[in-house]
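Position 308 of the sequence shown, counting from 1, maps to 308 under UniProt numbering, and the rest follow consecutively.
A virtual CB, placed ideally from N, CA and C, is assigned to each residue, including glycine.
Notes for the one structure printed next.
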Amino acid sequence: MSIRVSVADPSEQETWNRYVDRSPQGTVFHRYEALECLRDHSGATLYPLVGYKGNHPVGIFPVFELNSGPFSLVFSPPYELGIPNLGPALLDMDQMKQRKQEKRHLRFFESCLEWIDDEIDPQYTYVETDWHYEDTRPFAWNDFDVSPSYTYVVPLDDSPSEEELIGRFSQNPRRLIRDAQDGDYSVDVGDRDDVAWITQSVIDRYEEQGRTPHLSVDFVTELYDRLPEGTVRPLILSLDGERVTGNILTDTGDRIRHWQGGARVDMDLPANELVEWHGMLNAIERDVPIYELVGANTRRITTWKAKFSPETRTYYSAKRSTMSMELAESLYVNLRDSSELLSRLSPATN
1 MSIRVSVADP
11 SEQETWNRYV
21 DRSPQGTVFH
31 RYEALECLRD
41 HSGATLYPLV
51 GYKGNHPVGI
61 FPVFELNSGP
71 FSLVFSPPYE
81 LGIPNLGPAL
91 LDMDQMKQRK
101 QEKRHLRFFE
111 SCLEWIDDEI
121 DPQYTYVETD
131 WHYEDTRPFA
141 WNDFDVSPSY
151 TYVVPLDDSP
161 SEEELIGRFS
171 QNPRRLIRDA
181 QDGDYSVDVG
191 DRDDVAWITQ
201 SVIDRYEEQG
211 RTPHLSVDFV
221 TELYDRLPEG
231 TVRPLILSLD
241 GERVTGNILT
251 DTGDRIRHWQ
261 GGARVDMDLP
271 ANELVEWHGM
281 LNAIERDVPI
291 YELVGANTRR
301 ITTWKAKFSP
311 ETRTYYSAKR
321 STMSMELAES
331 LYVNLRDSSE
341 LLSRLSPATN
């Protein structure tokens with residue numbers, strides 16, 4: 001029996017979210033409310049695809065259509081909103097034997113791809129999967145260029161004590177955190193205003209470096225408002241009642257992710273190390289087995305994150321484009337890189 005693909009509509013939001021909760025690849029950003037935020041802030045058209053074998057759901061695949069001049073583009077997630085992963089999420093396949101699992105996975109993916117080609121006919125398709133999506137052969141078998149990327153995770157399923165957790169870190173953060181134990185700082189779960197403050201701090205840091213921010217305060221606060229309470233959670237470090245730094249965490253119940261935050265702090269207090277540590281303690285208190293540091297692809301950043309002795313996980317980007325679109329993308333990348341270089345070389349103006 002073939003796989004039937006349909007587009008979920010807003011009346012099916014609860015059903016869609018149940019699929020997200022059931023899938024090993026389901027993330028905060030797969031939830032229907034988050035997809036609507038992504039749609040509204042990217043200017044894209046959302047197609048939440050669901051695959052069925054008979055009446056049984058076998059997977060979901062949210063895709064976004066953007067139009068740029070003569071080109072039709074498909075993304076999952078939409079481009080430049082600071083979302084680390086999206087892509088397909090599979091249902092009930094872990095219970096199958098390998099041969100049947102692979103067959104159903106491939107049929108689901110190719111049925112979604114057939115729908116995309118028939119209904120959108122894109123010149124460019126780009127997908128970033130979650131690290132739980134381990135088998136990317138269906139992409140490669142359908143003319144996608146597949147590339148690995150990396151993230152860091154700290155396993156917490158053995159519920160370590162505070163001292164055991166610190167003991168896993170490298171010497172520098174271990175010493176810094178222990179020396180700061182009796183400091184006057186506090187780390188607390190914040191509110192909507194703290195979400196906005198952290199986001200603006202991240203934006204300011206990007207702009208100081210001459211880089212274009214990938215998110216906006218309105219987008220992140222809307223996610224905070226629309227997702228269930230506690231799904232987007234700001235963790236704020238304060239000193240003498242003043243906010244110093246913070247992280248925005250996302251929580252799916254089986255994984256807490258440091259999504260945004262950690263702007264540079266010019267003080268002796270190891271503020272970002274302390275916030276990261278408290279984020280892990282927060283996960284342990286909530287019986288969440290994984291704390292994800294998010295992002296292990298930029299060398300200068302990995303030097304800092306590796307201090308917490310995380311494990312690497314692999315996720316994948318997959319791209320398929322026509323020849324004309326490849327030329328347009330190459331031109332865009334060259335112009336963008338030249339523009340960023342010029343902005344860095346230009347003298348500052350008052």
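Secondary structure note for Val202: its alpha helix (DSSP H) is the uninterrupted segment 192–208. Inter-residue distance for Leu165 and Asn297 is about 24 Å (C-alpha atoms, whole angstroms). Note on geometry: alpha-carbon atoms of Tyr47 and Pro173 lie some 44 Å from one another. When the beta-carbon positions are compared, Val58 and Met93 come within less than 9 Å of each other. With respect to the C-alpha of Ala306, the residue from Tyr79, Val146, Asp240, Glu276 having the closest C-alpha is Glu276. By DSSP's assignment, Leu106 forms no beta bridge with any residue. With a minimum length of 3 residues, the unbroken runs of beta strand (DSSP E) contained wholly in the region 202–274 fall at 232–239, 242–251, 256–261.
Secondary structure of Gly51 (DSSP, three-state): strand.
With a contact defined as Cβ atoms closer than 8 Å, Ile236 and Gly190 qualify at about 4 Å. Rounded to the nearest whole angstrom, the CA to CA distance from Thr245 to Asp184 is 15 Å. When secondary structure is reduced to three states using DSSP, Thr27 falls in the coil class, being assigned neither helix nor strand.
In the three-state reduction of the DSSP assignment, Gly59 falls in the strand class. Beta-bridge pairing by DSSP links Tyr126 to Phe75, Lys319. Note on geometry: alpha-carbon atoms of Ile256 and Ile290 lie some 6 Å from one another. For Ser42, there is no enclosing beta strand (DSSP E); the enclosing alpha helix (DSSP H) has its first and last residue at 32–42. Remark: C-beta atoms of Pro88 and Phe109 approach each other more closely than 9 Å.
The residue among Ser2, Gln13, Phe308, Glu33 with its C-alpha nearest the C-alpha of Gln171 is Phe308.
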